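Encoded as structure tokens, the structure appears first; notes follow it.
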Amino acid sequence: MLTLRYLAHYSTSLQAQIRQLIAEDRLGEYVQRRYPGRHQVQSDRALYDYAIGLKQQYLRSAPNLDKVLYDNRLDLTHRALGLHTAISRVQGGKLKAKKEIRVAALFKEAAPEFLNMIVVHELAHLREAEHNKAFYQLCEHMLPGYHQLEFDLRVYLTWRDLAA
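In this text, residue positions in the sequence shown follow full-length UniProt numbering: the first is 1, and each later residue adds one.
See below:
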């Protein structure tokens with residue numbers, strides 16, 4: 001039986017539906033039909049502007065972002081599609097924390113909905129550090145249908161792995 005590593009925590013009935021699509025060689029068709037477009041956010045500057053726009057819309061009181069960029073070193077082997085970090089540095093007599101978001105470079109070629117989901121996820125970490133109920137409520141507030149998009153992203157990653 002095919003192991004669905006991105007979908008392991010979902011119900012067996014959902015996994016069976018995905019296995020059926022794989023067996024019928026229709027998984028790619030499913031993903032491409034639901035998410036046919038590709039976004040135009042190709043540069044680090046455009047990604048920064050995109051993230052700042054979402055932050056201003058939903059998280060005005062959250063700490064400022066110092067850097068948002070695509071990272072070629074993030075990949076699925078590290079189980080990271082995006083990272084949020086706070087790098088502390090001493091400047092003069094003060095300790096300054098620089099907030100950064102890094103998005104896996106594979107999202108340069110993804111549907112706009114998937115990029116939006118990853119950026120929303122990482123922005124939510126500015127308020128909630130842990131993946132708890134409040135975190136997912138914030139994600140759902142910023143992006144209605146967040147949970148469905150997360151599932152579909154996992155299906156997309158499964159399809160991507162099978163195609164490779």
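Every residue, glycine too, gets a C-beta built ideally from N, C-alpha and C.
This one's a predicted model, so the numbers in the text were calculated from it and none came from an experiment.
Look up GLN40 in the DSSP assignment and say whether it is helix, strand or coil. coil
From what residue to what residue does the alpha helix (DSSP H) around GLY28 run? For GLY28, the enclosing alpha helix (DSSP H) has its first and last residue at 27-34.
For ASP161, count neighbouring C-beta atoms within 10 Å of its own C-beta (all shown protein chains included) and say buried if the count is 16 or more, exposed if not. exposed
Residue burial classification, SER13 (beta-carbon count within 10 angstroms, cutoff 16): exposed
Ranges of the beta strand (DSSP E) found wholly within the UniProt domain "YgjP-like metallopeptidase" (93-153), counting only runs of at least 3: 94-104
Residue range of the beta strand (DSSP E) that includes LEU83: 82-91
CB contact flag (PRO63, LYS96, <7 Å): no
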